[in-house]
Amino acid sequence: MCEFGPGPATALPGGIGISLLKVYDLRAPDGSAGGSPHVHLACSEGYYVVAGSGAVQTLNPKGFTETPLEAGAVVWFDPGTIHRLVNGGGLQILALMSNSGLPEAGDAVLTLPPEHLTDRETYLKATTLTGEGEARTTSAMARRNLALDGFAVLRESYETDGPSALDDFYAAAVRIVQPQLPDWRRRWDQGARRLAEQTGAALDALEAGTAPHLQTAELHELPAPTEFGLHGMCGRLDTYDISSREAEQ
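When we follow the numbering used here, the leftmost residue of the sequence shown carries the number 1284, and every step to the right adds one.
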């Protein structure tokens, strides 16, 4: 039987991460306002639309899709799905990310043109934001526009080559993220995996007619975001740092 941990879990249910996303409203060269197309390698992500309207454009081995977003809508996608948010007006989203918010902590690769994906150093040089205030916004939009250039090429290539058009981008993305894998595994161990094992232990206990975990029940809260207005890939982010709380357990 699995053993319960030394104390109650402080991770959010299921070991997810959350952030409030205000999607960029500055227009790109293609005429649409919105974020930077990118992919997650290990994690799924979901959106609950809080306000406004827009769409999420996705490209994966099954093809390109544009899904409308309105307040109250819920959408989610698997790792490997390239996605881009389009802001139709006031689009705000509660982003739900697996593995304690790992997509916002490294599990993301932008769809830059191939010359910027040759190795991790080259990729970071092209994607690291610079400056403060308005200068940082300018840097974020330049990064977005570069990712849109690569996204357009992938979409065009898919029309002629089908799913194989994504192979080189996926392979480059894997090479870029590999140095981060030890930290990703730590987050998974301390978050989603630990909570799943605790659920298994609870089920074992209940089958045995006991429930020791009920004696340690608590209410947990995150009264406010840890950081406000960060320049993310898709927009300005209010983020909650879950990882440090999990590490205490």
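We put the CB at the ideal spot given by N, CA and C, even for glycine. Remember, predicted model here, so these are calculated numbers, not experimental data.
### Message
Between which residues of its own chain and Thr1509 is the CB-CB distance below 8 Å, once the five residues before and five after are set aside?
### Response
Thr1522, Tyr1523, Asp1524
#### Entry: Thr1340: first and last residue of the uninterrupted beta strand (DSSP E) it sits in
In the sequence on display, residue 1340 carries Gln and not Thr. Following the DSSP letters along the chain, one finds Gln1340 inside the beta strand (DSSP E) bounded by residues 1328–1343.
### Message
Is the beta carbon of Arg1367 closer than 9 Å to that of Gly1318?
### Response
Going by C-beta atoms, Gly1318 is nearer than 9 Å to Arg1367.
#### Entry: Cα-Cα separation between Val1392 and Ala1409, rounded to whole angstroms
12 Å
### Task
May I ask you to verify whether the region 1486–1501 touches the region 1330–1349, counting CB pairs closer than 8 Å and requiring at least 3?
no
### Query
Going by other Cβ atoms of all chains shown within 10 Å of its Cβ, with 16 needed for buried, is Arg1427 buried or exposed?
Buried is the call here.
### Query
So Gly1314 packs on Gly1373, CB below 8 Å; how close in whole Å?
18 Å between Cβ atoms; not a contact.
### Query
Roughly how many angstroms lie between the CA atoms of Ala1475 and Thr1420, to the nearest whole one?
33 Å
#### Entry: Element boundaries [beta strand (DSSP E), containing Glu1349]
1346–1353
### Task
Compare the beta carbon distance of Ala1277 and Leu1304 with 9 Å and say whether it is the shorter of the two.
Because the chain here runs from 1284 to 1532, residue 1277 falls outside it and cannot be looked at.
### Query
What three-state label does DSSP hand Glu1501 in the structure shown?
coil
### Message
Helix, strand or coil for Thr1293? Go by DSSP, reduced to three states.
### Response
DSSP places Thr1293 in coil when its eight states are reduced to three.
### Message
Just to check my reading of the structure: Ile1365 and Val1332 have Cβ atoms closer than 8 Å, yes? What is that Cβ distance to the nearest angstrom?
### Response
So it is not a contact: roughly 20 Å between Cβ atoms.
### Task
Look at the alpha carbon of Leu1407 and the alpha carbon of Asp1451, and state the distance between them as a whole number of angstroms.
Taking the CA atoms as reference points, Leu1407 sits about 18 Å from Asp1451.
### Query
Hey, quick one: how far does the alpha helix (DSSP H) through Leu1486 stretch, first residue to last?
1477–1490 is the extent of the alpha helix (DSSP H) around Leu1486.
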